[in-house]
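Just so you know, the sequence shown maps onto residues 1 to 263 in full-length UniProt numbering.
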Amino acid sequence: MATIEISHVSKIFTDKKRNADVTALADISLGIARNEFVCLLGPSGCGKSTLLNMIAGFEQPSVGSITVDGERITAPGADRGVVFQHANLMPWLPVWENVAFHLLLAGGQKAERRARAQTYIDMVGLTGFENHYPSELSGGMNQRVGIARALLMNPQVILMDEPFGALDEQTRMDMQTELVRIWQQHQGTIAFVTHGIDEALTLGTHVAVMSARPGRIVEIIPIDLPRPRDITSPQFNALKRHILALLRGERASFQQAGQEERV
Numbered sequence: 001m002a003t004i005e006i007s008h009v010s011k012i013f014t015d016k017k018r019n020a021d022v023t024a025l026a027d028i029s030l031g032i033a034r035n036e037f038v039c040l041l042g043p044s045g046c047g048k049s050t051l052l053n054m055i056a057g058f059e060q061p062s063v064g065s066i067t068v069d070g071e072r073i074t075a076p077g078a079d080r081g082v083v084f085q086h087a088n089l090m091p092w093l094p095v096w097e098n099v100a101f102h103l104l105l106a107g108g109q110k111a112e113r114r115a116r117a118q119t120y121i122d123m124v125g126l127t128g129f130e131n132h133y134p135s136e137l138s139g140g141m142n143q144r145v146g147i148a149r150a151l152l153m154n155p156q157v158i159l160m161d162e163p164f165g166a167l168d169e170q171t172r173m174d175m176q177t178e179l180v181r182i183w184q185q186h187q188g189t190i191a192f193v194t195h196g197i198d199e200a201l202t203l204g205t206h207v208a209v210m211s212a213r214p215g216r217i218v219e220i221i222p223i224d225l226p227r228p229r230d231i232t233s234p235q236f237n238a239l240k241r242h243i244l245a246l247l248r249g250e251r252a253s254f255q256q257a258g259q260e261e262r263v
């Protein structure tokens, strides 16, 4: 059984200002198996984050269903950890307390919280920074704290919404390498939203290419390349050209549809 099963999902929002419905996603079907790393790739506004939010349980489909290990998603749950574009850390807490924050909410004792947090602090490469505050860390280090916090919940699934989008290029590449290492060590299932083709091909076991709004799955591409991925290899660049052709074809279709609507 797939860890995540998305079956004929559509999402329609009501634009109250314009008194109209807007279809964000149309008939999405996608299975993500256990331990896969699936990148949702598409242009801005195609509904990638909306789809991720529905897997997280923050939003509900207008049509269709989403299940994790056969259980229908109706609300957020501890089986799904979420890492956002911004780490959303508590600035008044040091690293270890940010990582263990949900244990604090659950009433865990300090010694237990500290010990549990340390495992994941070590895993994300922040050993020695346990007592630093978010303002004392770089953007990439704060994102590691956010990843450690999600991992500590021991979720079956980790959902990541462009977590490296605000980082500079070198830090982003370093974090991509770190994330692959953490994923291989943690053995979890990851759904990762990105609009970067290189990022998707660097990280994913599969890339789900989405169309412009209303978002739909254009193609699901398995990425059978050795790790670490060589972005200069002929195989990598052949896949990149294929994805570019898909996205350009969708863009042309979207522009043509817009012109027809104006006629």
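No residue lacks a Cβ here, since even glycine has one placed at the ideal position from N, Cα and C.
Check: Is the region 127-142 close to the region 171-188, with three or more CB pairs under 8 Å?
Finding: yes
Item checked: Spatially closest choice to residue 163 from 184, 194 and 7, by CA coordinates -> 194
Notebook entry, point to check: Which value, in whole angstroms, describes the spacing of the CA atoms of residue 258 and residue 22?
Noted result: Caution is warranted here: a pLDDT of 49 is assigned to residue 258, below 50, making its placement in the model unreliable, and no coordinate value can be reported.
Next item on the list: Give the straight-line distance between the Cα atoms of residue 261 and residue 213, rounded to the nearest whole angstrom.
Entry: Below a pLDDT of 50, predicted positions are generally treated as unreliable, and residue 261, at 44, falls in that range; the measurement from the model is reported next regardless. If I take the Cα positions, the gap works out to 15 Å.
Notebook entry, point to check: Buried or exposed: residue 96, going by 16 or more other Cβ atoms within 10 Å of its Cβ?
Noted result: buried
Item checked: Supposed contact pair residue 30 and residue 6 - C-beta distance, whole angstroms, cut 8 Å -> 4 Å
Next item on the list: Out of 155, 157, 166 and 186, state which residue places its alpha-carbon closest to the alpha-carbon of residue 143.
Entry: 166
Item checked: residue 224 in three-state terms, based on DSSP -> coil
Notebook entry, point to check: Helix or strand or just coil, what does DSSP make of residue 49?
Noted result: helix
Checklist line | Nonlocal neighbours in the same chain, by C-beta distance under 7 Å from residue 53, ignoring five residues either side | finding: 59
Check: Can you pull the DSSP bridge partners for residue 59?
Finding: In the DSSP output, where bridge partners are listed per residue, residue 59 has none listed.
Note to self: Using C-beta distances below 8 Å, list every residue in its chain close to residue 15, excluding the 5 sequence neighbours before and after it, in chain order.
What the structure shows: 21 and 22
Checklist line | Endpoints, the alpha helix (DSSP H) within which residue 103 is located | finding: 101-105
Notebook entry, point to check: Any idea if residue 74 is buried or exposed, counting beta-carbon neighbours within 10 angstroms, 16 or more meaning buried?
Noted result: exposed
Note to self: Quick check on residue 183: buried or exposed, where buried means 16 or more other Cβ atoms within 10 Å of its Cβ?
What the structure shows: buried
Next item on the list: Would you identify the three-state DSSP class for residue 153, choosing helix, strand or coil?
Entry: coil
Note to self: To test your reading of the DSSP string, which unbroken beta strand (DSSP E) runs of 3 or more residues are found completely within the region 147-218?
What the structure shows: 157-161, 189-194 and 206-210
Check: residue 8 by DSSP, collapsed to three states: which one?
Finding: strand
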